[in-house]
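Residue numbers (my numbering): 18 to 646.
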């Protein structure tokens, strides 16, 4: 590992962790309406008695699937995704997340409402012209099927999970001796020589007999079977097909606008500050006496913010003068909220008792969102109404298609009832297909006993959030053994390559025996007619070296005394390499710059922090009560 690679790998760890966590908040809640319409809520797992719902798992699975497809780029093929593997990965991630959340809660970690508010205000997806826009915020949340309170709760949990993660990642450290040791290893130089026995050259002299080729074919016919193939008939519904014909009346736009104005008028937010006197580590009498002391100082004109910094046990808000930021109803426990929403601006409450202790609350500000004009909202309202109507028609049509196809003996009647066309796919295998059969779910259902063997229509298949289909098997082509003539050339190539690699390995092992008997690499190379490549002061990441040979050279033991250390390498292409390591020069860490020292130190500390976090997670997981359904 080079210093440059360390530099590349260590950039922006904190930023990546934070952005990743917040990105998950947005990504996990884009559930399509069909899942909500057709699915029933049930548990996917329980972690120490706390539920992970099937809906949560569907959201997470969808998120990971979209991530994989995005990483594939333009060549994205849903058929290449192992859905069960993705579901398993998603469930494991949710379990680990729940364990970290429980750990953070048990350790008394806290995140202030102000921090959450600041994140929301700074989120670009909630902005218009670079400024937070409440209408955009609520529109985005509606599309994610969340309320502002739901979203704030989710974001708070993300930050709570982030605290133990960052605690381990940022608190790990390494010593200067460890940094120097890594630098010495990284800068190590080696002198070596090697010869390459080219398998392709040996292959030119190898002849495979007809008998050997045929014998191999007969012994390995299972490797030369065609794939079973199938084509299907299908009818499909797409939400986009319903959007084009939808007309939105002016009265509908005005009605929706008035609904939004009415909703905004009731969404008052209050900015509170509080002083918390906890009763966890002191008696009720001691807490009452302390809060009475604070009240007396407030009556004498002392600053609420300064008293909060001095006395409040809420460490998350105390340093900010007790400021909790803006919040709507539903953000606080009922007792606290009832008092807060009955205060006048600037007023300080009497003592409020909650499960956390005794509070004094000050109302700092009240704000209510200002409704945009109809002209400003027209395009968005029209889009929402069109989407909603299309969604309703799409879901209704999908339910009707499901019912019709369940009782039908073919696809003719279901297609006729909705004016749909019956399509026929190309032949496809269990592993790959085109068009609709590129989807692994479609292929799996097509080859199921119910569809292929029993000849039934499939249940409604959800291909994406706005695309569903019903399929029916049409023609099946079973797997068969390919004729010997079809695969003869391939078999001969396989046997020649195998024989050449075996010859190369046999010759290489013989050379190693002679080297260990006292001959030099140059001597045996001359005897067998090979040339020797000599490399001096080779670095760990030397660009002029073959990467496979270089990795092997740096894994070999140091030579003893003046003799060389010998090693072998069978390359991926079948070539056999004989190596002789003659010397190792330790790297010089004396001239490492302060900047490099910091860079390597940060990298090692991050690696150690990740390992500490992994071990912590493994520990809490080992002691947890986890049940998967």
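By construction, the Cβ of each residue, glycine as well, lies at the ideal position given by its N, Cα and C atoms.
query, result
"8 Å Cβ cutoff met for residue 362 and residue 382", "yes"
"Residue environment, residue 232, which counts as buried when at least 16 other CB atoms sit within 10 Å", "exposed"
"Length of the line joining the Cα atoms of residue 346 and residue 108", "33 Å"
"Straight-line Cα distance separating residue 131 from residue 314", "26 Å"
"Whole-angstrom distance between residue 112 and residue 632, CA atom to CA atom", "16 Å"
"Distance, residue 404 Cα to residue 124 Cα", "45 Å"
"Residues near residue 241 by beta carbon distance below 6 Å, same chain, minus five either side", "499 and 504"
"Residue 155 versus residue 302 - alpha carbon distance", "45 Å"
"Three-state class that DSSP yields for residue 248 in the structure shown", "strand"
"Residue burial classification, residue 134 (beta-carbon count within 10 angstroms, cutoff 16)", "buried"
"Contact belief for residue 642 with residue 65 at Cβ below 8 Å, rounded distance in angstroms", "5 Å"
"Alpha carbon of residue 574 to alpha carbon of residue 610, nearest angstrom", "30 Å"
"Residue closest to residue 487, alpha-carbon to alpha-carbon, out of 415, 556 and 496", "415"
"Straight-line gap, residue 206 to residue 185 (C-alpha atoms, nearest Å)", "35 Å"
"Of the residues 272, 552, 197 and 474, the one placed nearest residue 250, counting alpha carbons only", "474"
"Close Cβ partners of residue 178 (< 8 Å) along its chain, the five nearest in sequence each way excluded", "38, 114, 117, 118 and 121"
"Cα-Cα separation, residue 6 to residue 204", "For the chain, the structure presents residues 18 to 646; residue 6 sits outside this window and is missing."
"Between the CA atoms of residue 627 and residue 377 - distance to the nearest angstrom", "41 Å"
"C-alpha gap between residue 476 and residue 519, whole angstroms", "53 Å"
"Which listed residue (384, 304 and 214) has its alpha carbon closest to that of residue 369", "304"
"Strand pairing of residue 507, partner residues [DSSP]", "Answer is none; residue 507 lacks a bridge partner."
"Contact between the stretch 213 to 221 and the stretch 444 to 461 (3+ Cβ pairs under 8 Å)", "no"
"Residues that residue 498 bridges to, as DSSP identifies them", "242"
"For residue 110, the residue or residues it bridges with in DSSP", "Answer is none; residue 110 lacks a bridge partner."
"Collapsed DSSP secondary structure at residue 61 in the structure displayed", "strand"
"C-beta contact flag for residue 391 and residue 274 at 8 Å", "yes"
"Burial state of residue 635 (16 or more Cβ within 10 Å)", "exposed"
"Exposure label - residue 592; buried when at least 16 CB within 10 Å", "buried"
"Start-end ranges of the beta strand (DSSP E) lying completely within the stretch 441 to 497, minimum 3 residues", "478 to 481 and 484 to 494"
"Three-state secondary structure assigned by DSSP to residue 631", "helix"
"Unbroken alpha helix (DSSP H) run spanning residue 653, endpoints", "Lying before the first or after the last residue shown, residue 653 is absent from the chain, which here runs from 18 to 646."
"Cut-off 8 Å between Cβ atoms - residues of its own chain near residue 352, not counting five sequence neighbours on either side", "369, 370 and 371"
"Own chain, CB closer than 7 Å to residue 640, minus 5 neighbours either side, in chain order", "none"
"Other residues of its chain near residue 202: CB distance less than 7 Å, five sequence neighbours each side excluded", "604"
"Exposure of residue 263, with buried meaning 16 or more beta-carbon neighbours within 10 Å", "exposed"
"Status (buried if at least 16 other CB within 10 Å, exposed otherwise) for residue 495", "exposed"
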